[in-house]
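If you're matching positions, the sequence shown starts at 9 in the numbering used here and goes up one per residue.
Just below is one structure, and these are the notes that go with it.
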Amino acid sequence: MKTRWLFVVAGAALAVASFPATAADQDRDRIRLHDQDLTKDQDQLRTRLHDMLKVDASLTDAELADVDPAITGYAARNGSPRAMRETVRAALGAGCKGTCLAETIRAMNACVQHGETANQARDRVMAAVRERARDGAGPGSEAERGARIRERVGAQLEERARVRERSRDRDREKERDRDRDRERAREHTGTSAGPGPGPGK
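Pasting the structure below:
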């Protein structure tokens with residue numbers, strides 16, 4: 009019986025000791041890249057995105073290196089590979105290649121960095137790509153086309169941030185109004201009660 013009890017105690021001690029080791033392993037396994045901290049899973053997602061871009065967009069190693077900060081940021085937010093693939097294919101279908109495609113990828117990252125889901129980012133960026141396609145390629149270079157996509161998405165994200173800030177301001181004002189109402193109610197209750205009876209009454 010005593011021997012069995014010793015095994016139980018030793019097993020419990022080993023289980024408790026394993027928790028700090030697991031946490032330490034997780035910290036050690038994190039990867040620092042382009043000012044982003046990636047888990048192993050996120051780094052694997054980054055690799056999947058690279059592979060997808062090589063196949064779908066025929067990007068060279070140099071072109072992948074150029075957009076790697078955006079890919080890394082997107083992976084760090086656990087961005088959906090499917091949403092990225094759909095956006096890239098839509099851009100390619102609209103004739104958006106080279107620098108234009110690179111700006112499309114960066115725009116996807118910008119959206120998720122601003123708190124949008126990957127699907128929201130896809131819809132926003134694809135809308136910008138389609139609008140640029142409706143404008144026609146014109147004489148502009150790929151860089152100019154990409155810049156217009158970047159500017160459109162950037163302006164929308166700034167407006168989104170302003171709307172959210174105005175909403176937060178309204179919420180804060182409502183909370184201040186509620187605080188003032190509660191304070192007035194307490195003051196009114198105290199006044200209505202009046203002073204208590206004096207001594208000997």
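Note that beta-carbon positions come from the ideal geometry of N, C-alpha and C, so glycine has one too.
Buried or exposed by the 16-neighbour rule on C-beta atoms within 10 Å, applied to residue i
i	result
Ala32	Only weak support is given to the placement of Ala32: the predicted model assigns it a pLDDT of 44, under 50, and the value that follows is read from those uncertain coordinates. Per the 10 Å Cβ criterion, exposed.
Glu167	exposed
Asp35	Only weak support exists for where Asp35 lies, its pLDDT of 48 falling under 50; the value from the coordinates is given anyway. Classification for Asp35: exposed.
Ala136	buried
Gln50	buried
Glu159	exposed
Arg132	buried
Arg40	exposed
Reference residue i; option with closest CA among the options
i	options	result
Thr125	Ala84, Asp74, Glu71 and Leu72	Ala84
Glu94	Gly154, Asp49 and Asn127	Asn127
Asn117	Lys105, Asn86 and Ala98	Asn86
Arg156	Arg140, Arg170, Gln164 and Val171	Arg140
Ala129	Cys119, Gly101 and Gln44	Cys119
Gly162	Asp185, Glu181, Asp177 and Glu111	Glu111
Asp59	Met92, Arg40, His122 and Gly81	Met92
Local conformation of residue i per DSSP, three classes
i	result
Leu53	helix
Leu46	strand
Arg85	coil
Arg153	helix
Residue i: first and last residue of the uninterrupted alpha helix (DSSP H) it sits in
i	result
Ala110	Thr107 to Gln121
Proximity of residue i and residue j at Cβ, strictly below 8 Å
i	j	result
Leu61	Arg54	no
Arg138	Ala102	yes
Glu150	Gly106	yes
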